Amino acid sequence: MAQRTSVQRPSGGGQGKICQFKLVLLGESAVGKSSLVLRFVKGQFHEYQESTIGAAFLTQTVCLDDTTVKFEIWDTAGQERYHSLAPMYYRGAQAAIVVYDITNQDTFGRAKTWVKELQRQASPNIVIALAGNKADLANKRMVEYEEAQTYAEENSLLFMETSAKTAMNVNDIFLAIAKKLPKSDNSATGSQREGMTLRPSDPTPGPAGCCK
Numbered sequence: 001m002a003q004r005t006s007v008q009r010p011s012g013g014g015q016g017k018i019c020q021f022k023l024v025l026l027g028e029s030a031v032g033k034s035s036l037v038l039r040f041v042k043g044q045f046h047e048y049q050e051s052t053i054g055a056a057f058l059t060q061t062v063c064l065d066d067t068t069v070k071f072e073i074w075d076t077a078g079q080e081r082y083h084s085l086a087p088m089y090y091r092g093a094q095a096a097i098v099v100y101d102i103t104n105q106d107t108f109g110r111a112k113t114w115v116k117e118l119q120r121q122a123s124p125n126i127v128i129a130l131a132g133n134k135a136d137l138a139n140k141r142m143v144e145y146e147e148a149q150t151y152a153e154e155n156s157l158l159f160m161e162t163s164a165k166t167a168m169n170v171n172d173i174f175l176a177i178a179k180k181l182p183k184s185d186n187s188a189t190g191s192q193r194e195g196m197t198l199r200p201s202d203p204t205p206g207p208a209g210c211c212k
């Protein structure tokens with residue numbers, strides 16, 4: 001069951017401190033990155049999701065006690081031809097979700113490569129979560145939960161298995177990231193756009209991260 005009470009759909013009001021963070025999703029093509037974002041932001045799931053071109057930009061808000069966390073989400077394309085663009089999107093990001101498909105061992109290996117790249121090139125304090133998506137297809141599992149959990153623990157990653165289709169742990173993984181992010185003031189500011197699709201020719205996305 002999705003814990004939708006944790007997620008605040010965009011509205012005009014709000015109390016307490018507002019923190020804004022840039023979050024990027026990385027992973028092989030067809031692991032379900034866009035489906036996870038769509039489920040989190042709009043509570044929707046499409047069985048046949050078109051491949052992302054370049055990256056898509058969306059926002060969503062999570063409420064934590066007296067703090068409202070606004071995520072600026074960059075959903076990157078997984079195809080190899082877009083790999084060279086990835087640093088544009090994770091540069092300045094405070095959080096990242098690296099997604100793999102539990103029914104495809106190769107995508108888990110690719111996820112490890114993304115984690116290494118983030119650890120080497122992204123912000124030193126970036127919060128990284130590992131998401132084993134398509135948990136609803138457990139009967140076709142190729143990546144054991146324990147294997148991924150051990151890897152995550154060894155690399156200080158948040159880890160959950162998720163299902164964009166059933167909404168299992170989708171809100172929870174974003175909520176866990178929101179709880180782990182620092183809530184102190186940061187100097188950078190972010191944009192207020194929502195639902196825009198960014199293609200490779202568009203301007204480089206800048207960093208976001210501020211509390212008001």
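Take 1 as the starting number for the sequence shown in the UniProt record's numbering and just add one per residue. Glycine included, every Cβ here is placed at the ideal spot set by N, Cα and C. These figures come from a predicted structure and were not determined experimentally.
Length of the line joining the Cα atoms of residue i and residue j
i	j	result
Gly-109	Cys-19	33 Å
Gln-121	Lys-33	21 Å
Lys-17	Leu-64	10 Å
Ala-148	Ala-86	23 Å
Lys-112	Thr-67	32 Å
Ser-29	Lys-183	33 Å
Ala-135	Gln-105	14 Å
Ile-126	Tyr-145	24 Å
Thr-107	Asp-101	6 Å
Gly-132	Val-99	6 Å
Ala-55	Thr-150	30 Å
Leu-157	Leu-130	6 Å
Ser-35	Lys-179	23 Å
Arg-199	His-83	Here the model assigns Arg-199 a pLDDT of 37, short of 50, so the residue's position is not dependable, and the following value carries that caveat. Their backbone Cα atoms lie some 13 Å apart in a straight line.
Leu-26	Gln-60	18 Å
Glu-161	Leu-38	17 Å
Asn-169	Val-143	18 Å
Glu-72	Glu-47	25 Å
Lys-22	Tyr-89	9 Å
Gly-78	Arg-91	17 Å
residue 295	Ile-128	The chain is shown from 1 up to 212; residue 295 falls before or after that span and cannot be answered.
Lys-70	Ile-177	12 Å
Leu-181	Thr-103	30 Å
Thr-76	Leu-118	14 Å
Which residues DSSP lists as bridging residue i, in chain order
i	result
Val-24	Trp-74 and Ala-96
Lys-17	Thr-67
Asn-133	Asp-101
As assigned by DSSP and simplified to three states, the class of residue i
i	result
Val-127	strand
Ala-122	coil
Arg-141	coil
Gln-44	coil
Ser-35	helix
Ala-152	helix
Ala-30	coil
Gly-190	The predicted position of Gly-190 is uncertain, since its pLDDT is 38 and thus under 50; a value taken from the coordinates is nonetheless stated next. If DSSP states are grouped into helix, strand and coil, Gly-190 belongs with coil.
Residue i classed as buried or exposed, judged by whether at least 16 other C-beta atoms fall within 10 angstroms
i	result
Asn-139	exposed
Lys-42	exposed
Lys-116	exposed
Tyr-94	Checking the sequence, you will find Gln at residue 94 rather than Tyr. By the neighbour-count rule (16 or more Cβ atoms within 10 Å), Gln-94 is buried.
Practice item. Starting from the N-terminal side, write out each stretch of the alpha helix (DSSP H) that is 4 residues or longer and does not extend beyond the segment 157-184. Key: 170-180
Practice item. Pick out the complete alpha helix (DSSP H) segments inside the segment 54-108, 4 residues or longer, and give them in chain order. Key: Listed in chain order, the complete alpha helix (DSSP H) runs (minimum 4 residues) inside the segment 54-108 are 86-90.
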